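For the sequence shown, the numbering used here assigns the number 15 to the initial residue and increments by one for each residue that follows. Read through the structure below, which is laid out as structure tokens, and then see the notes.
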Amino acid sequence: MEKELKLFFHLYTKEIRKLFDVIIVDDEPLIRDGLVKLFSWKEYQMQVRAVFPNGSLALEYLEKQSADVIITDIKMPVMNGIQLMQECQKKNILVKFIVLSGYSDFEYVKMAARLGIENYLLKPVDTLEMSQTLLQVKRKIEAQRHNKILLDEGIRILRNNLLYRLMTGEISYEEMEERKEYLPIPFDSCLCRVAILKFLPQNPDTTRHGQQKPPIQSVLRHLEQKEYIHAVTDFGGRLLFLLFCGEGGICSSRETVRADLEHIIHYVLATSPFHAFAAAGPLADSIYTIPNSYAKASALINTAGFNSASSIRWAEDTCENEAFLLPHIEFDQLMQLNEKFLYKKQEDIVSIVDEIFSTNRFIPLDGLQMLASMIVSKIYSNSRAYSSDHDPEILRLENRLDDAYTLGDYDSIYRWTRDIIHTIFVYEERNPSEKAPSGATNLKKLLLYLNENYTKDMNLKTIAETFHLNALYLGRILKLETGCTFTDYINSLRLKKAQELLLHTDLSAKQISEQTGYRNDKYFNTLFKKYTDMTPGEYRKKGNPS
Numbered sequence: 015m016e017k018e019l020k021l022f023f024h025l026y027t028k029e030i031r032k033l034f035d036v037i038i039v040d041d042e043p044l045i046r047d048g049l050v051k052l053f054s055w056k057e058y059q060m061q062v063r064a065v066f067p068n069g070s071l072a073l074e075y076l077e078k079q080s081a082d083v084i085i086t087d088i089k090m091p092v093m094n095g096i097q098l099m100q101e102c103q104k105k106n107i108l109v110k111f112i113v114l115s116g117y118s119d120f121e122y123v124k125m126a127a128r129l130g131i132e133n134y135l136l137k138p139v140d141t142l143e144m145s146q147t148l149l150q151v152k153r154k155i156e157a158q159r160h161n162k163i164l165l166d167e168g169i170r171i172l173r174n175n176l177l178y179r180l181m182t183g184e185i186s187y188e189e190m191e192e193r194k195e196y197l198p199i200p201f202d203s204c205l206c207r208v209a210i211l212k213f214l215p216q217n218p219d220t221t222r223h224g225q226q227k228p229p230i231q232s233v234l235r236h237l238e239q240k241e242y243i244h245a246v247t248d249f250g251g252r253l254l255f256l257l258f259c260g261e262g263g264i265c266s267s268r269e270t271v272r273a274d275l276e277h278i279i280h281y282v283l284a285t286s287p288f289h290a291f292a293a294a295g296p297l298a299d300s301i302y303t304i305p306n307s308y309a310k311a312s313a314l315i316n317t318a319g320f321n322s323a324s325s326i327r328w329a330e331d332t333c334e335n336e337a338f339l340l341p342h343i344e345f346d347q348l349m350q351l352n353e354k355f356l357y358k359k360q361e362d363i364v365s366i367v368d369e370i371f372s373t374n375r376f377i378p379l380d381g382l383q384m385l386a387s388m389i390v391s392k393i394y395s396n397s398r399a400y401s402s403d404h405d406p407e408i409l410r411l412e413n414r415l416d417d418a419y420t421l422g423d424y425d426s427i428y429r430w431t432r433d434i435i436h437t438i439f440v441y442e443e444r445n446p447s448e449k450a451p452s453g454a455t456n457l458k459k460l461l462l463y464l465n466e467n468y469t470k471d472m473n474l475k476t477i478a479e480t481f482h483l484n485a486l487y488l489g490r491i492l493k494l495e496t497g498c499t500f501t502d503y504i505n506s507l508r509l510k511k512a513q514e515l516l517l518h519t520d521l522s523a524k525q526i527s528e529q530t531g532y533r534n535d536k537y538f539n540t541l542f543k544k545y546t547d548m549t550p551g552e553y554r555k556k557g558n559p560s
């Protein structure tokens with residue numbers, strides 16, 4: 015996360031500090047040259063890119079190159095300033111105009127104003143007035159760039175969250191239908207395959223205690239040109255999930271996926287001190303079977319050890335009988351690990367770990383390595399929420415999380431697991447967070463939060479982060495108390511409010527859908543009828559028969 019934030023702020027700073035491109039359009043050479051030389055353009059974060067004697071030549075340039083600001087005369091041969099502005103509007107060329115004129119002609123002023131200009135200056139140009147105008151334009155463009163960068167970053171984060179939940183099966187059908195516009199996937203003709211990349215050091219001894227991290231950001235940049243590969247990382251930054259998806263199935267075929275994965279593996283080996291291993295799930299013939307492809311790939315990636323003979327494993331090549339060789343851990347055991355850590359019960363966690371290891375005593379070595387890594391990662395991820403990315407102790411602990419894959423026998427893996435758990439608890443004792451609240455208190459806070467914020471865009475994962483609790487735990491206590499899943503509970507709150515607004519206001523169904531947290535009014539209408547057996551219009555008419 016820290017590395018990703020640094021990259022974002024680096025790119026943000028680089029983008030926000032870019033010089034704004036200016037072109038000058040005037041049929042008088044003295045005016046053109048004078049404007050270029052009169053101002054120290056870099057003081058306004060600007061640079062003059064080109065000058066032209068008429069609007070026609072300027073338009074030709076703008077059809078091939080971008081510009082931020084145009085300083086143009088009104089009266090020119092071939093194409094005047096007004097015509098240039100009109101053509102830019104038609105062609106959707108977004109640029110700021112500063113208009114110059116030797117005439118104080120009110121009709122010209124009105125026409126220019128209608129087209130949207132920053133200022134209308136009379137010749138000869140007053141340097142102070144031009145300077146103030148340039149500063150005003152600079153501030154406007156900076157604000158627009160700032161907003162665009164933040165919007166793009168917000169959409170990217172939302173897209174990655176949706177993509178991860180789509181692959182792992184953690185998104186409901188209703189939410190996926192409502193948000194599928196954010197995923198660049200051909201939902202109606204979808205053939206997909208999930209592959210998972212895992213990074214292990216070429217020399218474990220040299221990277222185990224260092225600060226080197228897998229080259230995930232480098233691989234992501236390397237994949238930017240592959241439009242059919244959608245990539246997202248896991249929480250710890252040690253795995254990379256790839257969704258190969260495109261119309262017709264060519265993009266997700268075994269041949270295409272193999273070629274792309276081999277290319278990535280060779281790239282990682284050549285540019286970093288890491289090996290990359292890959293596991294590919296079976297072909298998914300719809301978005302609803304993508305989680306199955308992910309599950310098979312996830313099981314495979316954790317059995318492909320450091321000395322694997324092949325860098326890529328395929329679900330289709332895995333014998334059904336191999337299932338019993340995989341490590342076995344019950345869902346309830348994972349839940350208990352979460353809850354026992356929440357209440358700082360180290361002895362109880364050790365008992366659960368002992369039980370898990372006993373059950374899996376005779377599985378293959380790579381399966382046992384994966385099991386140990388899964389256990390400590392689960393406990394560590396809960397501790398990580400309370401910790402600083404900059405804490406040296408946390409960084410040292412993080413660098414040990416993959417050490418299980420370097421151990422060669424049951425006893426050493428078991429001792430390593432116990433030692434990591436003990437280290438996490440020692441850290442927690444030295445750096446205490448707020449006392450863990452009771453289940454009843456957690457539920458009370460959760461219900462209060464949902465009742466006050468149900469119109470906002472939310473999911474159980476983001477709420478869990480707000481409360482510093484595990485999402486599965488919150489979902490479980492909500493289900494036990496209310497009998498509803500998170501999605502059903504939120505929908506019941508929203509639709510109850512919608513019923514109230516239908517009966518007591520004149521708002522349209524579209525307005526009500528927006529006020530109750532649904533951005534898609536068609537989805538709102540469908541859901542409303544599912545819950546009430548009536549459309550919003552029918553419900554309003556029945557409640558107000560007069």
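Heads up, the beta-carbon is just placed ideally off N, CA and C, and yes, glycines get one too. Keep in mind it's a predicted model, so treat the numbers as computed, not measured.
- Between the C-alpha atoms of residue 411 and residue 542 there is a straight-line separation of about 50 Å.
- Here the alpha carbons of residue 467 and residue 116 stand approximately 58 Å from one another.
- The segment 62-111 is shown to contain whole alpha helix (DSSP H) runs of 4 or more residues at 69-76, 95-104, in chain order.
- Within 10 angstroms of the beta-carbon of residue 557 lie fewer than 16 other beta-carbons, which makes it exposed.
- The C-beta separation of residue 253 from residue 245 comes to about 11 Å, leaving the pair out of contact by the 8 Å criterion.
- Excluding its 5 nearest sequence neighbours in each direction, residue 469 has C-beta neighbours in its own chain below 8 Å: 508, 511, 529, 530, 531, listed in chain order.
- Distance from the CA atom of residue 392 to the CA atom of residue 326, rounded to whole angstroms, is 26 Å.
- With 16 or more other Cβ atoms inside 10 Å of its own Cβ, residue 113 counts as buried.
- Residue 515 sits in a helix when the DSSP states are folded into three classes.
- In this structure, the beta-carbon distance from residue 126 to residue 93 does not fall below 9 Å.
- Distance check between residue 137 and each of 282, 408, 88 places 88 closest, using alpha-carbon atoms only.
- For the options 302, 497, 216, the alpha carbon positioned closest to that of residue 280 is the one of 216.
- DSSP, reduced to helix, strand and coil, places residue 472 outside both helices and strands of the structure shown, so it counts as coil.
- The shortest CA-to-CA distance from residue 84 to any of 155, 121, 44, 497 is the one to 155.
- Burial of residue 68 is indicated by the presence of at least 16 other C-beta atoms within 10 angstroms of its C-beta.
- Less than 9 Å divides the Cβ of residue 189 from the Cβ of residue 501.
- Cα atoms of residue 123 and residue 72: separation of roughly 21 Å, rounded to the nearest angstrom.
- Three or more Cβ pairs closer than 8 Å define a contact, and the segment 100-112 falls short of that threshold against the segment 51-58.
- Setting aside the 5 residues that flank it on each side, residue 527 is surrounded in the same chain by 535, 538, each with a C-beta closer than 6 Å to its C-beta; the list follows chain order.
- In this structure, residue 65 and residue 96 do not form a Cβ contact; the two beta carbons are roughly 19 Å apart against a cut-off of 8 Å.
- Here residue 178 is buried: its Cβ has 16 or more other Cβ atoms, across all protein chains shown, within 10 Å.
- For residue 260, the enclosing beta strand (DSSP E) has its first and last residue at 253-260.
- Taking C-alpha positions only, residue 140 is separated from residue 78 by approximately 32 Å.
- With a cutoff of 9 Å on beta-carbon distance, residue 315 and residue 291 are scored as near each other.
- Per DSSP, residue 523 is one residue of the alpha helix (DSSP H) stretching across 523-529.
- Less than 9 Å divides the Cβ of residue 504 from the Cβ of residue 472.
- Comparing alpha-carbon positions, the option among 424, 409, 362, 408 lying closest to residue 383 turns out to be 424.
- Straight-line spacing of the CA atoms in residue 142 and residue 148 works out to 10 Å.
- Secondary structure in the segment 124-197: the alpha helix (DSSP H) runs of 4 residues or longer, each lying completely within the stretch, are 141-182, 187-193 in chain order.
- Secondary structure of residue 343 (DSSP, three-state): coil.
- Distance between residue 388 and residue 302, taken at the CA atoms: about 26 Å.
- The straight-line gap separating the alpha-carbon atoms of residue 271 and residue 109 is approximately 42 Å.
- The three-state secondary structure of residue 35, taken from DSSP, is strand.
- Check the Cα spacing between residue 278 and each of 204, 210, 390, 428: the tightest is with 210.
- Among the bridge pairs identified by DSSP, residue 328 is matched with 294.
- The alpha carbon of residue 171 has as its nearest neighbour, out of 197, 158, 150, the alpha carbon of 197.
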